[in-house]
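Per the numbering used here, numbering of the sequence shown is gapless, rising by one per residue and ending at 98.
Glycine included, C-beta positions come from ideal geometry on N, C-alpha and C.
For clarity, every value in this text was computed on a predicted model and none was experimentally measured.
The structure appears right after this line, and notes come after that.
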Amino acid sequence: MTDIHSDRILILDFGAQYTQLIARRVRECGVYCEIYAWDVDEQAIRAFAPKGVILSGGPESVTVTEGPRAPQ
Numbered sequence: 027m028t029d030i031h032s033d034r035i036l037i038l039d040f041g042a043q044y045t046q047l048i049a050r051r052v053r054e055c056g057v058y059c060e061i062y063a064w065d066v067d068e069q070a071i072r073a074f075a076p077k078g079v080i081l082s083g084g085p086e087s088v089t090v091t092e093g094p095r096a097p098q
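What follows is the structure, given as structure tokens:
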């Protein structure tokens, strides 16, 4: 049996209405995931040490220059 916590996925929530559904689908695949706000501190992301990141979109347009951005 594999440890569900060995593969971790981080979902950065930019305000999408489907974020919880995405998380549920990831968990149904046997993968541990957590949802963080899009403006989470970089240290929190590093501490979680995800193997992958899902950017869950929001109401802002991708062409808006001052819209929310994921940490670099």
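Please determine, among Ala49, Glu54, Ile71 and Asp33, the residue with the shortest C-alpha to C-alpha distance to serine 82.
For the set Ala49, Glu54, Ile71 and Asp33, the Cα lying nearest the Cα of serine 82 is the one of Ala49.
How many angstroms separate the CA atom of aspartate 39 from the CA atom of glycine 84?
The straight-line gap from Cα to Cα measures roughly 8 Å.
Considering only the alpha carbon of each residue, which of Ile61, Arg72 and Asp33 lies closest to cysteine 55?
Selected option, being the one with the closest Cα: Asp33.
Could you give the distance in angstroms between the alpha-carbon of valine 79 and the alpha-carbon of valine 52?
A direct Cα-Cα distance of roughly 11 Å separates valine 79 from valine 52.
How is valine 66 classed by DSSP in three states: helix, strand or coil?
Reduced to three states, the DSSP call for valine 66 is coil.
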